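Visitor: Numbering (mature numbering (1 follows the signal peptide of the UniProt record, and there is no 0)), first residue to last: -25 to -1, 1 to 349.
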Amino acid sequence: MDRHGARLGLAAVLLALVTLLPVRGGAQQQLQQQGRGFVQLLAGQWRCMLDDLVSGRGLARMFPATNASAPPCYPDVTVHLYTAGNSRGSRSPPRRKVLDPRRAGWLRWSGWDPGRRTVLLVHGFNGGVDKAPTTTLRDAFLEAGGYNVLALDWSPLARYPCYAEAVRHSRTAARCGAQVLAALQAVLDDGVPPGGGLLPAADLRLATCVGHSLGAHVCGMLSRLLPQRVRKLVALDPARPQVERLLGRDTLAVSDARVVQTFHTNMGFYGEYPGPAVDGHASFCFNGGRLQPSCDQGGRFSRMRCSHFLSVCYYAQLVRRPGAWTAAAPCDGSCNRERGRPPFPFVLTEASTDRWRGTYCLDLSLDSPCRTDI
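#1: For a minimum of 3 consecutive residues, which ranges assigned as the beta strand (DSSP E) are wholly contained in the segment 170 to 217?
#2: Look up Leu222 in the DSSP assignment and give the residues it is bridged to.
#3: So within the segment 281 to 322, which uninterrupted beta strand (DSSP E) runs reach at least 3 residues, ignoring any that extend past its ends?
#4: Do Pro213 and Ser188 have their beta-carbon atoms positioned less than 8 Å apart in this structure?
#5: Pull up the distance between the alpha-carbon of Leu208 and that of Val235, whole angstroms please.
#6: How close, in whole Å, do the beta carbons of Asn123 and Arg91 come, if the pair is a contact with beta carbons under 8 Å?
#7: My assumption, with CB atoms under 8 Å, is that His256 sits in contact with Thr226. Please give the rounded CB distance.
#8: Taking the runs of the beta strand (DSSP E) that are 3 residues or longer, which of them lie wholly in the segment 101 to 137?
#9: With a 10 Å radius around its C-beta and 16 neighbouring C-beta atoms as the bar for buried, classify Arg330 as buried or exposed.
#10: So what does DSSP say about Phe238, is it helix, strand or coil?
#11: Who are the Cβ neighbours of Thr324 in its own chain at under 7 Å, not counting the five residues just before and after it?
#12: By alpha-carbon positions, which one of Pro317, Phe284, Ala304, Gly333 ends up nearest to Leu341?
#13: Less than 8 Å between the beta carbons of Asp338 and Asn262, yes or no?
#14: Can you grab the Cα-Cα spacing for the pair His55 / Gly315, in whole Å?
#15: Which class does Arg143 belong to by DSSP, given the choice of helix, strand or coil?
#16: Can you say whether Glu313 is buried or exposed, counting buried as having 16 or more other CB atoms within 10 angstroms of its CB?
#17: Identify the continuous beta strand (DSSP E) that holds Thr334 and give its terminal residues.
#18: Look at the alpha carbon of Arg204 and the alpha carbon of Gly264, and state the distance between them as a whole number of angstroms.
#19: For chain C, find out if any of its Cβ atoms is closer than 8 Å to the Cβ of Ala191; answer yes or no.
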């Protein structure tokens, strides 16, 4: 019997002992529930391992595919292009088109606009292009206007409860996404996008990659695999659990783009601390960087989860409604304000901090409701 089987056997024995413990009432019921939860957790990891084996995803991790002329390296990893339903400010749902380089005319009829800047959105564990972390950012950029909004969907590789497998599969997601973007850049370089020649705004070398949680590390790996790295990378509360152990040197790094920014709202639990584990040119700690004031419902884990997702809401607000005055104070890697260095006012926008270096603490509140219950 291997060690995983031994663990399941031990869990079953523990559950049996728990049910026989000489305790009464609520205490016995609580112990029984904990034992069942332990068994369910281990059984879930077994299912994750077997699913990897049957689907061949474990093999997909071993073979990188970044050649722009090759088909996508894993069929369930896709890149979607979003355009506004009708016009700016319209309430019509956005149009979505999967970018598939294997199809003739795949870019010409996609809705790609060579006069717009490009932003790529990458979800994290248990996310997807139809879930609020991605849709919140998608709608913010479409409302702001002037963007080709791309979203990398690697949800088949990042499903609950298989977190460790999702961390490992993040390499595959990055490789597949980089392959589609490399193919897109090759078409743009050939000067045959819809509407004529390549305009500077559409050049993917000037693009921004925005990743939430585990998606922040995917952004970093994806950028490294491109012939030339993206201009800007925004890491929204980059994931902490098991990432450094399972990804090693593939975690987010300051060299992954010309501008690397990290936003911290739940550091130390779901999110990582500002550098050196996630190194950026500039790091921003919102409201202390740990637990957000508006996340005051439920238990501690619920408040941490809410805080982790609130990084998406803050950034979406910067994109949708730029120009708010706030104050920033220099702080250390634990998001503690440095003594003797008072805060200074500035206008907060998506681009106003591109030249900043160091770690800063900001107090910010939301001016509209934002979903954090995903």
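The beta carbon of each residue, even a glycine, is placed where N, CA and C say it ideally should be. From a predicted model like this one, the values you see are computed outputs, not experimental measurements.
Guide: Walking through what the data contain:
#1: 183 to 187, 207 to 211
#2: Bridge partners of Leu222: none, in fact.
#3: 299 to 305
#4: yes
#5: 5 Å
#6: 5 Å
#7: Contact doesn't hold; Cβ gap of about 16 Å is too wide.
#8: 122 to 128
#9: exposed
#10: strand
#11: Leu293, Pro297, Gly298
#12: Phe284
#13: yes
#14: 48 Å
#15: helix
#16: exposed
#17: 333 to 337
#18: 28 Å
#19: The structure shown contains no chain C, having only a single protein chain.
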